[in-house]
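Student:
Number of protein chains: 2
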Amino acid sequence: MEWHSVFASRMGRMKASEIRELLKLLDQPEVISFAGGIPDPALFPAEAFRAAFEKIFATGASAALQYSVSEGHRPLRDWIAGEMGRIGVPCTRENILITSGSQQALDYLGKLLLSPGDTALLGWPTYLGALGAFNAYEPRYDQLTPGGNRGAEAYRQAAEAAGSTVKFAYVSADFANPTGETLSLRERESLLDLAEALDIPLLEDAAYQALRYRGEAIPPILSLDVARSGSIEAARTIYCGSFSKTLSPGLRVGWVCAPQAVIARLVLMKQAADLHSATLNQMAVAEVAQTIYAEHTEMLRDTYATRCAAMLAALTAHMPEGVTWSDPEGGMFVWLTLPRGMDAAELLKQALEQERIAFVPGGAFFADGSGRNTLRLSFSRATPEKIETGMQRLGKVLRAALVAA
Amino acid sequence: MEWHSVFASRMGRMKASEIRELLKLLDQPEVISFAGGIPDPALFPAEAFRAAFEKIFATGASAALQYSVSEGHRPLRDWIAGEMGRIGVPCTRENILITSGSQQALDYLGKLLLSPGDTALLGWPTYLGALGAFNAYEPRYDQLTPGGNRGAEAYRQAAEAAGSTVKFAYVSADFANPTGETLSLRERESLLDLAEALDIPLLEDAAYQALRYRGEAIPPILSLDVARSGSIEAARTIYCGSFSKTLSPGLRVGWVCAPQAVIARLVLMKQAADLHSATLNQMAVAEVAQTIYAEHTEMLRDTYATRCAAMLAALTAHMPEGVTWSDPEGGMFVWLTLPRGMDAAELLKQALEQERIAFVPGGAFFADGSGRNTLRLSFSRATPEKIETGMQRLGKVLRAALVAA
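These protein sequence lines map, in sequence, to chains A and B. Reading the first sequence from the start, the letters are residues 233 to 637 in this note's numbering. Reading the second sequence from the start, the letters are residues 233 to 637 in this note's numbering.
And the structure:
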């Protein structure tokens, strides 16, 4: 049969990601890769998980293997509510929905808020997975600038001119993928001002929030929102958290923290979409989080901090003039801007062929297809020695390209 | 903020299920419940799973805890492809996508095929979770009759009159939820004829297919389709399988078997929606399936067969005249039709209050809101003794209601 003729119109927006296709080619052992943005598996708390699964099976596996409620495992929701309180968001388990990673939260929030043609505000560049999730709901995008300095009226008029309505702003406030950048307190407050002026929800993607290596922690936007509005029930910020960067991505456990009016709708959505996240995994994550979360994330911060510092030092040592980069205080990424006119996708070919190193060209992170002279480096899986060697090689490729241009 | 004003239009179709709300009230220890349609947890292969998790953690947990590909764990896809071959569907792992239960497959297929207003054909009654999943994509429904005897032209014209297009037919061929009924070979062939005439895909929900207690197995619709069209790549049937009724629902592992053109699109969708199903769970299910699937499902069939027979015998013994019921050859359900004018939702109140028994009123399974004189009984979690007591009590409630009417 002619499948294309029966697909829904939204499928026109769901294309294979060039990056993901590319990444499949990059995991060759002889390549030093700064491409994938994934945790170092050597740092997983494997022993703690082994013990957690053993304990669950020793104390009766029936509940772990059975259907469970769409909201999520109660002790895990309680633990998360406590953790949210610790970072400045007083709430209860009724404000928490367990999702299959924060990627699922982004999909559900697109589904909750976007009708075709609605406007979503997000950064140029932004998290590729957010674009992927939202694209399924056929939105229009407009560019969110840090601090929201274009002003509510400008966004509203641009949407109206396109026959659209602004439905939400999406932002990663801490050590964002792909830039590694963090919003200042003032920028967070400005975003809240903008969301208030437009009367829209603010989606806060906090996937990397626990991984700060230096500098002072800045309160999550949701925390600032609760301080303004008096209670999480009066807040407009929807917070997406994840255990993927702290405990394990393979177990697919994340959460949404939001007013109950939002959680109730997301629970209905989850019931219809996959019933619930795996019961056993939620129990294991609850057990491991209760036991070792604080000390484990401290170990992660120590380890990744060294790699981050090594990359920043190596960039300073090896990048030619005209190349600039972000100064991440946490997370997994450094963002490079090359001289105007350079094409990072072209550069990647040379880097792979001539120097056996890999990174992600930045263009795919831009909703408008710009940003060809940018690239993303991840330091999460490389030792300081490999980082030094890799940046030396990147400098060599860049200098050759600059000479050729 | 006024949340209702920012929700997408699809949220108007996503309502809390009365049944699910009801089911929360029914799990009281003193109630004999025939309501939930879930496996008996005493029959879970808990020891096999315990051993599988132990083995995975003993042989290196890094891969199990890490991100993995959206298509699913290769050894599990291979095992499923082999199992599909065994039931008459020659295919390879390239035809298999792992989903988080078959509920997720239904959500993805709605997302793949339905634009708002498109027509989906399905039975009156049908699986409540299918209605829930599809509702998010705002379809129009039309009634699929067994054998599709309304004819392609009638469906096409009805859709056209509503400004719509028929996009797929959805069916559960074996021991359907809620009726327990099975389509004959001829009815399956007729459905394929209808799908061909309308040039639409056929969605085959096979959640209960492995649980046949008597009678001859009838080939899956996908198998008949492959026999007609020569190859799975030329088929129009999309098969949704699940381990929820055979190994464990709590691990959330199911699959789609379909032409590669469909799988490729669903892989993109999964990447955007939740990246992949939990790696560890897929590895554990692969291990357990490879080890004990055949003998375990045989044990399940033996056990549930006894309960099914007990329920049918007890119905014959205790139902008053005018009540009829389906004759399931497998699965978990018997479907009762009460005399016209009776309301099963009213009856449930009396059954709970007077006799401490529970079932599911049938109305919710009808896309058009009819079927108020029907109800669903599940025999999966009750012993033959409880079934006998329960049906005796149901008969008493029914006779009282008939006298009152």
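Using N, Cα and C, we set each Cβ at its ideal position, and we do this for glycine too.
Taking 8 Å as the threshold, find out whether the region 601-612 of chain B comes into contact with the region 572-592 of chain B through three or more Cβ pairs.
Tutor: These segments touch.
Student: What span of residues does the alpha helix (DSSP H) with D350 of chain A cover, start to end?
Tutor: Taking the first residue of the first sequence as 1, we reach residue 350 of chain A at position 118. Unbroken run through D350 of chain A: none, as it is neither H nor E.
Student: Tell me, to the nearest whole angstrom, how far the beta carbon of A504 of chain A is from that of A368 of chain B; I am working on the premise that it is less than 8 Å.
Tutor: Counting from 1 along the first sequence, the entry for residue 504 of chain A is found at position 272. Counting from 1 along the second sequence, the entry for residue 368 of chain B is found at position 136. Confirmed, Cβ separation roughly 6 Å.
Student: For K343 of chain B, return the contacting residues in chain A, with the cut-off set at a CB-CB distance below 8 Å.
Tutor: Taking the second sequence and counting its residues from 1, the one referred to as residue 343 of chain B is at position 111. The answer, in chain order, is A240, R242, A368.
Student: Apply the 10 Å Cβ neighbour rule to D437 of chain B and answer buried if 16 or more other Cβ atoms are within range, or exposed otherwise.
Tutor: The residue labelled residue 437 of chain B in the question sits at position 205 within the second sequence. Buried is the call here.
Student: What would DSSP say about R242 of chain B, mapped onto helix, strand or coil?
Tutor: Stepping through the second sequence from its first residue, residue 242 of chain B is reached at position 10. Helix, per DSSP.
Student: Out of B:E315, B:K581, B:P261, which has the shortest C-alpha to C-alpha gap to L630 of chain B?
Tutor: On the second sequence, position 398 is the one that residue 630 of chain B refers to. When only C-alpha atoms are compared, the closest one is B:K581.
Student: Measuring CB atoms only, is the region 493-513 of chain A touching the region 394-411 of chain A, in the sense that at least three cross pairs come out at less than 8 Å?
Tutor: In short, these stretches do not touch, since the Cβ pair count stays below three.
Student: For the region 592-605 of chain B against the region 547-561 of chain B, do three or more pairs of beta-carbon atoms, one drawn from each stretch, fall closer than 8 Å, so that the two count as touching?
Tutor: The region 592-605 of chain B, when compared against the region 547-561 of chain B, does not touch it at the 8 Å Cβ threshold.
Student: Restricting to Cα atoms, I'd like to know which of A:W356, A:I453, A:E385, A:A526 is closest to S416 of chain A.
Tutor: Mapped onto the first sequence, residue 416 of chain A falls at position 184. Considering only alpha carbons, the answer is A:I453.
Student: What residues in its chain sit with their C-beta under 7 Å from that of P616 of chain A, if we drop five residues either side in the sequence?
Tutor: Taking the first sequence and counting its residues from 1, the one referred to as residue 616 of chain A is at position 384. Contacts found: T538, R539, A542.
Student: If I measure Cβ to Cβ from F475 of chain A and keep anything under 6 Å in the same chain, skipping five residues before and after, which residues do I get?
Tutor: On the first sequence, residue 475 of chain A is found 243 positions in, with the first residue counted as 1. For F475 of chain A, where only same-chain residues beyond five positions count, the Cβ hits under 6 Å are V485, V517.
Student: Alpha carbon to alpha carbon, how far is Q375 of chain A from G603 of chain A? Give it in angstroms, no decimals.
Tutor: Stepping through the first sequence from its first residue, residue 603 of chain A is reached at position 371. Stepping through the first sequence from its first residue, residue 375 of chain A is reached at position 143. Roughly 13 Å separates the two Cα atoms.
Student: Per DSSP, D374 of chain A forms a beta bridge with which residues?
Tutor: To locate residue 374 of chain A, count along the first sequence from 1; it is residue 142. According to DSSP, D374 of chain A bridges with A:L353.
Student: Just the chain C side, please: which residues come within less than 7 Å of S300 of chain B by C-beta, in chain order?
Tutor: The chain inventory of the structure shown lacks chain C, comprising the protein chains A and B.
Student: What residues of chain A sit near G333 of chain B, judged by a beta carbon separation below 8 Å?
Tutor: Residue mapping note: residue 333 of chain B aligns to position 101 of the second sequence, counting from 1. Going along chain A in sequence order, the residues near G333 of chain B (Cβ under 8 Å) are D506, L507.
Student: Beta carbons nearer than 8 Å to chain B: which residues of the region 426-455 of chain A have them?
Tutor: Cβ contacts with chain B come from D431, I432, P433.
Student: Let me check understanding here. Comparing Cα to Cα, which of B:I524, B:V263, B:Q514, B:K477 lies closest to G482 of chain A?
Tutor: Locating residue 482 of chain A in the first sequence gives position 250, counting from the first residue. G482 of chain A has its Cα closest to that of B:Q514, out of B:I524, B:V263, B:Q514, B:K477.
Student: Looking only at its own chain, which residues have a Cβ that is under 8 Å from the Cβ of E448 of chain B, when we skip the five neighbours before and after it?
Tutor: Here the question's residue 448 of chain B lines up with position 216 in the second sequence. Counting only Cβ-Cβ distances below 8 Å, and skipping sequence neighbours, we find nothing.
Student: Count the other CB atoms within 10 Å of the CB of M564 of chain B; is the residue buried (16 or more) or exposed (fewer)?
Tutor: Translated into the one-based positions of the second sequence, residue 564 of chain B becomes position 332. By the 10 Å Cβ count, M564 of chain B comes out buried.
Student: Any residues in the region 529-547 of chain A with a beta carbon nearer than 9 Å to a beta carbon of chain B? Which ones, in chain order?
Tutor: Answer set for the region 529-547 of chain A: empty.
Student: How would you list, in chain order, the residues of chain B whose beta-carbon sits under 7 Å from the beta-carbon of R468 of chain A?
Tutor: Looking up residue 468 of chain A in the first sequence gives position 236. The answer, in chain order, is M233.
Student: Would you mind listing the alpha helix (DSSP H) stretches within the region 441-510 of chain B that are 4+ residues and don't spill past its ends, in chain order?
Tutor: Runs of the alpha helix (DSSP H) inside the region 441-510 of chain B: 453-461, 492-505.
Student: Would K399 of chain A count as contacting chain B if we go by Cβ distances under 9 Å?
Tutor: Locating residue 399 of chain A in the first sequence gives position 167, where the first residue counts as 1. So yes, K399 of chain A belongs to the interface.
Student: DSSP on A293 of chain B, reduced to helix/strand/coil?
Tutor: The residue you call residue 293 of chain B lines up with position 61 of the second sequence. Correct three-state label for A293 of chain B: coil.
Student: Identify the contact partners of S347 of chain A in chain B, using a Cβ-Cβ distance below 8 Å as the criterion.
Tutor: Here the question's residue 347 of chain A lines up with position 115 in the first sequence. Per Cβ cutoff of 8 Å: A240, S241, R242.
Student: Show which residues of chain B have a CB atom less than 7 Å away from the CB atom of V517 of chain A.
Tutor: By one-based count along the first sequence, residue 517 of chain A stands at place 285. Under the 7 Å cutoff, chain B gives no residues; its nearest Cβ is about 11 Å from V517 of chain A.
Student: What residues from the region 486-503 of chain B come within 7 Å of chain A, judged by C-beta to C-beta, listed N to C?
Tutor: Within the region 486-503 of chain B, the qualifying residues are A493, V494, R497, L500, M501, Q503.
Student: If the criterion is Cβ atoms closer than 9 Å, does the pair S558 of chain B and E413 of chain B meet it?
Tutor: Here the question's residue 558 of chain B lines up with position 326 in the second sequence. Here the question's residue 413 of chain B lines up with position 181 in the second sequence. In contact: S558 of chain B and E413 of chain B (Cβ atoms closer than 9 Å).
Student: So what's A386 of chain A in DSSP terms, helix, strand or just coil?
Tutor: Here residue 386 of chain A is taken as the residue at index 154 of the first sequence, counted from 1. In the structure shown, A386 of chain A sits in a helix (DSSP, three-state: H, G or I).
Student: How many angstroms separate the CA atom of Q260 of chain A from the CA atom of A267 of chain A?
Tutor: For the purposes of this step, residue 260 of chain A is taken as the residue at position 28 of the first sequence. For the purposes of this step, residue 267 of chain A is taken as the residue at position 35 of the first sequence. C-alpha separation (whole angstroms): 12 Å.
Student: Find out if the Cβ-Cβ distance for the pair A313 of chain A, C472 of chain A is shorter than 9 Å.
Tutor: Mapped onto the first sequence, residue 313 of chain A falls at position 81. Mapped onto the first sequence, residue 472 of chain A falls at position 240. No, the pair does not count as a contact, with Cβ atoms beyond the cut-off.
Student: According to DSSP, is K399 of chain A part of a helix, a strand, or is it coil?
Tutor: Working through the first sequence from its first residue, we reach residue 399 of chain A at position 167. Three-state result, K399 of chain A: strand.
Student: Under a Cβ-count criterion, where at least 16 other Cβ atoms within 10 Å of its own Cβ denotes burial, should E262 of chain A be classed as buried or exposed?
Tutor: The sequence position of residue 262 of chain A within the first sequence is 30, counting from 1. By the 10 Å Cβ count, E262 of chain A comes out exposed.
Student: State yes or no: is the beta carbon of E326 of chain A nearer than 9 Å to at least one beta carbon in chain B?
Tutor: Reading the first sequence from its first residue, position 94 is the one you call residue 326 of chain A. Chain B, which has no Cβ nearer than 9 Å to the Cβ of E326 of chain A, makes this no.
Student: Can you tell me whether E419 of chain A is buried or exposed? The criterion is at least 16 other CB atoms within 10 Å of its CB, across all chains shown.
Tutor: Residue numbering aside, residue 419 of chain A sits at position 187 when the first sequence is read from its first letter. By the 10 Å Cβ count, E419 of chain A comes out buried.
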